[in-house]
Amino acid sequence: MNVLALTETAQHFIRSFSWMLIHSLWQGLLLALLTMFLLMINGKASAAIRYRIVLSQTVLFLLACGLTLIMEWNDWQVEPIVPGVSGGNSNLHMGFISFTQYFTENAPLVVLLWSLMFLFRTVRLINGLVYLQYARHRMVCSPDEDWNNRFLSLCRKIRLRRTVRLLESGLVQVPVVIGHLKPVILMPLGMLAGIPAGQVEAVLLHELAHIRRNDYIINLFQTLAETVFFFNPGLLWLCALLRDERENCCDDIALAQTKDKRGFVEALITFKEYALYGKNFQTAFPGKQNQLLNRVSRIIHGRQRMPAPADKIFCLSGLIVLVALFAAFTVTKAPVAPASYHETPAIRVVSVAKQTPGSAAKQKVLKAKAHTAKRRARHEPPGKLGARKSVRQVVQPTVQPQVTQWEAANNALQQQRNQEQEQKNKQQAELNEQQAAKNAVQAMLNVEQAKNNEKQRIRNEEQADRNREQAKRNELQARKNAESLSRQK
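Taking numbering that gives the first Met the number 0, the leading residue of the sequence shown gets 0, the next gets one more, and so forth.
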């Protein structure tokens, strides 16, 4: 009896969990649309406000999924399905009921497929966390005393009360923050000596801002949510936006301390080049992915990033899907008239009457083909017919495998070429992004140089005016001296 109750409980949990996964799709789309609307009306807001908006929508999504699971778990009763015909809504209603029944019956399969992907992503996440702990204790060394003093000064400057360690690592190629209670910043080995000190301090301020904002633990929970809802486009879009706004917040904190946009942008480009051409491999922990061009453009121009065309297409598609789902749900909720006993035969008679002309036409075609085959067999010489059959029997088995092998080899070669081209395109895109950032920095430098040239021109004109006045005074003084000499004589 206990085993039976346990089995029923497990089956009910599987059904509830599978329906929670289904409901999370439209919930994620709805919150993504709401987030897009809120960000558009707060286009001039700071990065901190935008980050809070996206974070609140992400938390709201998780709460909605938890509430949905509880509601599905408490819903023990299943409403009976009443067959009926209600005009044009019957097909949609019966289709909705059929989908519900099919999904409920196959809920174990859905949960099994989800579990396989969830297990894969969980193993990858654990592998990344283990690697970070390995990188924290292996191939690390403390920087010199000068950099330790600078680092402590930066911690006091940013008002960070927790104790943070700065280490150089031979396993990372970009700065990495590890840990929440006892955070550690890992810098690539040799970067402190190979990059200007001002750029290193700017990046350290950025990483210290992550620690002060508790971004490590928030990013960990965010990664867990992505691991569970890996199939949900709405949540994945929210998480990507959350990472972008998180980086913008830390950029603002670092810029508020350095007051040097040019130096900070140059630091971003330098570290990007180091990441592109470094020989070490990157950490496997799922984390931020810096959009270098967007960050540089935002720092230089001081404007928030507007929604990209891909974001607009995604939101428009989500809106269409939500409207269609709402319309279907509204139609299926319409009252359904019970079907009478005499309606089914009438429907069957009509369907048979509709199928009769099609079947008669098919029979005519089959008879014509059979008659043609008989005529060919009657007029074909026996030797020629046998020779044709023998040629077909010999040629087809020989040619067909060769053609298949050639097509397989050609497809494999084409696939390899496509992969190589895709890799080249990816590298070219990274180089283009880096070049665009350099161009943006150069444009900023050109603007500053133009301003300096204008100031220098004004100073030169003022100096020229002063020189002319001094020349007049000198000339006047020379005349006075000449007059005084003539008087003395």
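Using N, Cα and C, we set each Cβ at its ideal position, and we do this for glycine too. A quick note: this is a predicted structure, and the numbers were derived from the prediction, not measured.
- The segment 105-125 and the segment 159-178 do not touch, with fewer than three beta-carbon pairs separated by less than 8 angstroms.
- Under the DSSP definition of a beta bridge, Val175 partners with Leu185.
- Distance check between Val199 and each of Gln56, Thr257, Gln434, Gln10 places Thr257 closest, using alpha-carbon atoms only.
- As the crow flies, the alpha-carbon of Glu447 is around 11 angstroms from that of Lys454.
- Val163 carries a coil assignment under DSSP once its states are collapsed to helix, strand and coil.
- Under the three-state reduction of DSSP, Ser55 is assigned to helix.
- Counting C-beta pairs closer than 8 angstroms gives fewer than three between the segment 141-148 and the segment 226-242, which falls short of the contact rule.
- For Leu66, there are no CB contacts under 8 angstroms within the same chain when 5 residues up- and downstream are skipped.
- Contact annotation, Asp250 with Arg302: C-beta distance approximately 13 angstroms; criterion of less than 8 angstroms not satisfied.
- Of the residues Met35, Ser15, Arg49, the one whose Cα lies closest to the Cα of Ala309 is Met35.
- Pairing Ser23 with Cys64 gives a Cβ-Cβ distance under 8 angstroms.
- Under the three-state reduction of DSSP, Ser23 is assigned to helix.
- Under DSSP, Cys64 forms no beta bridge with any residue.
- Here His136 has no same chain residue with a Cβ atom under 6 angstroms from its own Cβ, once five neighbours each way along the sequence are excluded.
- Between Gly193 and Arg51, the alpha-carbon positions lie close to 37 angstroms from each other.
- For the options Val264, Pro195, Glu167, Ile210, the alpha carbon positioned closest to that of Lys181 is the one of Ile210.
- Straight-line measurement puts the Cα of Val322 at about 36 angstroms from the Cα of Asp214.
- Here the alpha carbon of Asn218 sits roughly 43 angstroms from the alpha carbon of Asn451.
- For Glu104, the closest C-alpha among the options His11, Asn410, Thr226, Lys271 is that of His11.
- Residue environment analysis places Ser168 among the buried positions, since at least 16 neighbouring C-beta atoms fall within 10 angstroms of its C-beta.
- Per DSSP, reduced to three states, the secondary structure at Ser45 is coil, with no helix or strand assignment.
- Distance between Asp145 and Val129, taken at the CA atoms: about 31 angstroms.
- Of Leu54, Gln172, Leu207, the smallest CA-CA separation from Phe220 is found for Leu54.
- An exposed status is given to Thr6, since fewer than 16 other beta-carbon atoms sit within 10 Å of its beta-carbon.
- Taking 8 angstroms as the cut-off, the beta carbon of Gln433 is found no closer than this to the beta carbon of Ile252.
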